[in-house]
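Student:
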Amino acid sequence: MSLLSVQGLGKSFGGVHAVDGIDFTLHRGELLALIGPNGAGKSTTFNMINGQLRADRGSVMLDNQNLVGLHARQICRKGVGRTFQIAETFLSLSVIENVQMALLSHTRNIFSFFKSAAAFQRKEALELLHQVGMADQADRPISELAYSDVKRVELAIALATQPTLLLMDEPTAGMAPAERNALMALTKKLVVERQVAVLFTEHSMDVVFAYADRVIVLARGRLIAQGSPEEIRVNPEVQRVYFGSGATFEDFNA
Ligand code: ADP
Ligand code: MG
Numbered sequence: 039m040s041l042l043s044v045q046g047l048g049k050s051f052g053g054v055h056a057v058d059g060i061d062f063t064l065h066r067g068e069l070l071a072l073i074g075p076n077g078a079g080k081s082t083t084f085n086m087i088n089g090q091l092r093a094d095r096g097s098v099m100l101d102n103q104n105l106v107g108l109h110a111r112q113i114c115r116k117g118v119g120r121t122f123q124i125a126e127t128f129l130s131l132s133v134i135e136n137v138q139m140a141l142l143s144h145t146r147n148i149f150s151f152f153k154s155a156a157a158f159q160r161k162e163a164l165e166l167l168h169q170v171g172m173a174d175q176a177d178r179p180i181s182e183l184a185y186s187d188v189k190r191v192e193l194a195i196a197l198a199t200q201p202t203l204l205l206m207d208e209p210t211a212g213m214a215p216a217e218r219n220a221l222m223a224l225t226k227k228l229v230v231e232r233q234v235a236v237l238f239t240e241h242s243m244d245v246v247f248a249y250a251d252r253v254i255v256l257a258r259g260r261l262i263a264q265g266s267p268e269e270i271r272v273n274p275e276v277q278r279v280y281f282g283s284g285a286t287f288e289d290f291n292a
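Read left to right, the sequence shown gives residues 39 to 292 (the working numbering).
1. What residue ranges within the stretch 173 to 229 form continuous alpha helix (DSSP H) runs of no fewer than 4 residues, ordered along the chain?
2. Quickly, what does DSSP pair Met39 with across the bridge? List them, please.
3. Let me check one thing: in DSSP terms, what residues is Ser97 bridge-paired to?
4. From Val272 to Leu197, what does the alpha carbon distance come to, in whole angstroms?
5. For Val279, which residues from the same chain have a beta carbon less than 8 Å from its beta carbon, with the 5 sequence-adjacent residues on both sides left out?
6. Gln103 by DSSP, collapsed to three states: which one?
7. Going by DSSP, which residues form a beta bridge with Val253?
8. Determine the direct distance from the alpha carbon of Ser130 to that of Met39, and round the result to whole angstroms.
9. For Ala173, I'd like the list of residues in its chain whose CB is within less than 7 Å of its CB, leaving aside the five on either flank, ordered along the chain.
10. I think Thr210 touches Val245, with their Cβ atoms under 8 Å apart; what is that distance to the nearest whole Å?
11. Cutting at 7 Å between CB atoms, please list the residues of its own chain near Glu275, excluding the five before and the five after it.
12. Write down the C-beta distance between Val64 and Ala250 rounded to the nearest angstrom, noting that I regard them as a contact closer than 8 Å.
13. Let me check understanding here. Comparing Cα to Cα, which of Gln277, Ile195, Lys189, Thr82 lies closest to Ile297?
14. So, using beta-carbon positions, are Phe91 and Lys49 closer together than 8 Å?
15. Work out the CA separation of Thr121 and Val188 for me, nearest whole Å.
16. On the DSSP bridge assignment, give the partners of His55 in chain order.
17. Could you tell me if Gly53 is buried or exposed, where buried requires 16 or more neighbouring beta carbons within 10 angstroms of its beta carbon?
18. Can you pull the DSSP bridge partners for Leu142?
19. As a quick exercise: from Gln175, Glu192, Thr145, pick the residue whose alpha carbon is nearest that of Leu205.
20. How is the beta strand (DSSP E) around Phe238 delimited, first residue to last?
21. Check for me: the alpha helix (DSSP H) holding Val279 runs from which residue to which?
22. Any heavy atom of the ligand ADP within a distance shorter than 7 Å of the CB on Lys226?
23. For the ligand MG, I want to know if Lys49 counts as a neighbour, meaning its beta carbon is within less than 7 Å of at least one of the ligand's heavy atoms.
24. I want to check one thing, is the minimum distance from the CB of Asp207 to the heavy atoms of the ligand MG below 7 Å?
25. Look at the Cβ atom of Leu47, then the Cβ atom of Leu100, and state whether they are nearer than 8 Å.
Here it is in structure tokens:
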């Protein structure tokens, strides 16, 4: 059975149908890419699932519970995590302090009575940093890290809420190709190990075709195709949306 089931989901801004009634499912342990040209409605879709935006219509079922109408924080508590850019004010804190803060805010209800909460969470924070390959840099200030390492820490922070579904809107934005591949390889590993479901957007088709288990394609708010990376790569409708007639992903990547 699928973890997430989106049905008839829609949102308009004024006269613009940003997302115009889309259906898709996502399973535990699956890495699903949501692709489409700029303005296709990808971010709007993410924000309806995580509760930043309220859907005009349709449903977002997580384990048979409809998330539409819940607040972002309630949706987070139900196991829907997302990657955030680390805020400016936290850059002076160390890597591990950032992860500890994420752990503390998630478990605050349970541990608020314990003065030693921060110390207690250090072990868990280190374990998360270990999983993203950043344990050896735990005590450095974030501001000293390479950009791609900051992205790894952001992933650890997202994992601190113990998501069953993780939403990643353009996680590799601003990264060089080799770094994009490294971050997605890491994400793929976590998907398999933790059996979390991941929905992500990504501009590089090489990355999408290399790492996604399945791909769904949005254009002007509508879902125009879904399938395996191989099926999407050769789908004429998808190629037309991206390149007009004639060109293919092969031409584009060459
Ligand atoms: P994508 O992430 O695929 O680039 P978006 O979901 O950001 O696309 O945007 C889809 C459409 O909705 C675009 O036409 C965009 O201009 C419009 N849109 C998105 N957010 C808003 C908003 N808050 N107010 C008005 N229009 C918006
Ligand atoms: Mg977007």
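Even for Gly, the Cβ is constructed at its ideal location relative to N, Cα and C. The structure presented is a predicted model; accordingly, all values stated were derived computationally and were not measured.
Tutor: Once the coordinates are examined:
1. 185 to 197
2. Met39 pairs with nothing; no bridge assigned.
3. Gln45
4. 34 Å
5. Gly74, Pro75, Val255, Ala257, Ile262
6. strand
7. Ala71, Gly265
8. 44 Å
9. Leu164, Leu167
10. 7 Å
11. Ile262, Ala263
12. One detail in the question is off: residue 64 reads as Leu in this sequence, not Val. Not quite, the Cβ-Cβ distance comes to about 12 Å (not below 8 Å), so this is no contact.
13. Shown here, the chain extends from 39 to 292; a query on residue 297 therefore has no answer.
14. According to the sequence shown, residue 91 is Leu rather than Phe. Yes, they are a contact pair.
15. 12 Å
16. Ser50
17. exposed
18. According to DSSP, Leu142 bridges with nothing at all.
19. Glu192
20. 235 to 238
21. 274 to 281
22. no
23. no
24. yes
25. no
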